[in-house]
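All remarks here apply to the structure that follows.
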Amino acid sequence: TYEYERLIELAHQNGMLVYAWFVLPFVSPKFYQDNPQWHEKNPFGEDVDVDWRNAMALTDPECMEAVKKHLKKYLERFSFDGVNLAGLHFGGESLEKPKTLSPFNEAACKGFSEKNGFDPRDLLKEESPRFWKESPENLNLFFAWRKNLTTELHRELIGFFGGLSKNKNTALVVTTLDGM
Numbered sequence: 014t015y016e017y018e019r020l021i022e023l024a025h026q027n028g029m030l031v032y033a034w035f036v037l038p039f040v041s042p043k044f045y046q047d048n049p050q051w052h053e054k055n056p057f058g059e060d061v062d063v064d065w066r067n068a069m070a071l072t073d074p075e076c077m078e079a080v081k082k083h084l085k086k087y088l089e090r091f092s093f094d095g096v097n098l099a100g101l102h103f104g105g106e107s108l109e110k111p112k113t114l115s116p117f118n119e120a121a122c123k124g125f126s127e128k129n130g131f132d133p134r135d136l137l138k139e140e141s142p143r144f145w146k147e148s149p150e151n152l153n154l155f156f157a158w159r160k161n162l163t164t165e166l167h168r169e170l171i172g173f174f175g176g177l178s179k180n181k182n183t184a185l186v187v188t189t190l191d192g193m
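So the sequence shown is numbered by this note's numbering: it starts at 14 and just counts up by one.
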């Protein structure tokens, strides 16, 4: 493992702050390897393939609780000056590359279906009347739902990190991605 305490000590000696950088839904290679039941899925039920990020299914309540427990343990182990919640978003280069598109784990699909009345995986089935090329209104529903879900996850995690830092003088930074 990396010598974080030594890094933090040297940084502090040189007037620098050190923040834990969490790029969720990626947690860690070990967490990903140890929890295949919570891998984020693409519309075909495969593990989503987004660059270097092995995404976890944060929309699954059991997964989210396990991730929080993991992060809390990590933050308690080291004396970071703060947390950077960086780039929390769902993958998806484009609908032309659906293997990169998420979230399509069972909890996410169930939540979308309950709210919108259909399975979001239908958007990628050419034989479906909801196929994205034939049904732009349903595609817009999916992207609006995904945007709202991203906001909800940010709120939940900001509250979580804020609750951890009540007894410590730690900062929270949120780094977001835009459409540039």
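Just so it is clear, CB atoms sit at the ideal spot from N, CA and C, and this is done for glycine as well.
Bear in mind the structure is a predicted one, so any value in this text is a computation, not a measurement.
Note to self: Just to confirm my understanding: we take Leu190, look at its own chain, exclude 5 residues before and 5 after, and list those with CB closer than 8 Å. What are they?
What the structure shows: In the sequence shown, residue 190 corresponds to position 177, counting from 1. Gly100 and His102, listed in sequence order.
Notebook entry, point to check: Are the segment 51 to 65 and the segment 156 to 165 in contact at 8 Å, needing three or more beta carbon pairs?
Noted result: no
Checklist line | Distance between beta carbons of Pro111 and Pro56, contact taken as under 8 Å | finding: Within the sequence shown, numbered from 1, the residue matching residue 56 stands at position 43. Within the sequence shown, numbered from 1, the residue matching residue 111 stands at position 98. Between Pro111 and Pro56 the Cβ distance is about 5 Å, and since that is below 8 Å, they are a contact.
Next item on the list: Alpha carbon to alpha carbon, how far is Leu108 from Ser141? Give it in angstroms, no decimals.
Entry: Indexing the sequence shown from 1 puts residue 141 at position 128. Indexing the sequence shown from 1 puts residue 108 at position 95. Cα-Cα distance, rounded: 15 Å.
Margin query: Does Arg66 come out as helix, strand or coil in the three-state DSSP assignment?
Written below: Here residue 66 refers to the residue found at position 53 of the sequence shown. Here Arg66 sits in strand by DSSP.
Check: Rounded to a whole number of angstroms, what is the C-alpha to C-alpha distance between Asn153 and Glu75?
Finding: For the purposes of this step, residue 153 is taken as the residue at position 140 of the sequence shown. For the purposes of this step, residue 75 is taken as the residue at position 62 of the sequence shown. One C-alpha to the other measures close to 28 Å.
Margin query: Just verifying my parser: in three-state terms, what is the DSSP assignment at Gly58?
Written below: Translated into positions along the sequence shown, residue 58 becomes position 45. Note: Gly58 maps to coil in three-state DSSP.
Checklist line | Outcome for Thr183 when other beta-carbon atoms lying within 10 angstroms are tallied against a minimum of 16 | finding: Reading the sequence shown from its first residue, position 170 is the one you call residue 183. By the 10 Å Cβ count, Thr183 comes out buried.
Check: Touch check for the segment 36 to 54 and the segment 68 to 87: three-plus C-beta pairs under 8 Å?
Finding: yes
Item checked: Buried versus exposed call for Phe118 [16 or more other C-beta atoms within 10 Å across all chains shown] -> If you number the sequence shown from 1, residue 118 lands on position 105. In the sequence as displayed, the identity of residue 118 is Asn instead of Phe. Counting other Cβ atoms within 10 Å of its Cβ, Asn118 reaches 16 or more and is therefore classed as buried.
Checklist line | Option nearest Val40 by Cα separation, candidates Tyr15, His83, Pro49 and Gly58 | finding: Against the sequence shown, residue 40 aligns to sequence position 27. Nearest to Val40 by alpha-carbon distance, out of Tyr15, His83, Pro49 and Gly58, is His83.
Next item on the list: Taking the CB atoms as reference points, tell me whether Phe173 and Lys81 lie closer together than 7 Å.
Entry: For the purposes of this step, residue 173 is identified with residue 160 of the sequence shown, where counting begins at 1. For the purposes of this step, residue 81 is identified with residue 68 of the sequence shown, where counting begins at 1. Yes, the Cβ-Cβ distance between Phe173 and Lys81 is below 7 Å.
Notebook entry, point to check: Does DSSP classify Val187 as helix, strand or coil?
Noted result: The residue you call residue 187 lines up with position 174 of the sequence shown. Val187 falls in the strand class under three-state DSSP.
Item checked: Coarse secondary structure for Leu177, derived from DSSP in three states -> Sequence index remark: in the sequence shown, residue 177 carries index 164 (1-based). In the structure shown, Leu177 sits in a helix (DSSP, three-state: H, G or I).
Check: What residue does the beta strand (DSSP E) around Asn97 start on, and which one ends it?
Finding: To locate residue 97, count along the sequence shown from 1; it is residue 84. For Asn97, the enclosing beta strand (DSSP E) stretches over residues Gly95 to Ala99.
Item checked: Spatial distance of Val96 from Leu30 (CA atoms) -> Counting from 1 along the sequence shown, the entry for residue 96 is found at position 83. Counting from 1 along the sequence shown, the entry for residue 30 is found at position 17. Taking the straight line from one Cα to the other gives about 11 Å.
Notebook entry, point to check: What do you get for Gly105, buried or exposed, if any count of 16 or more other CB atoms within 10 angstroms of its CB means buried?
Noted result: In the sequence shown, residue 105 corresponds to position 92, counting from 1. It is buried - the Cβ of Gly105 has at least 16 other Cβ atoms within 10 Å.
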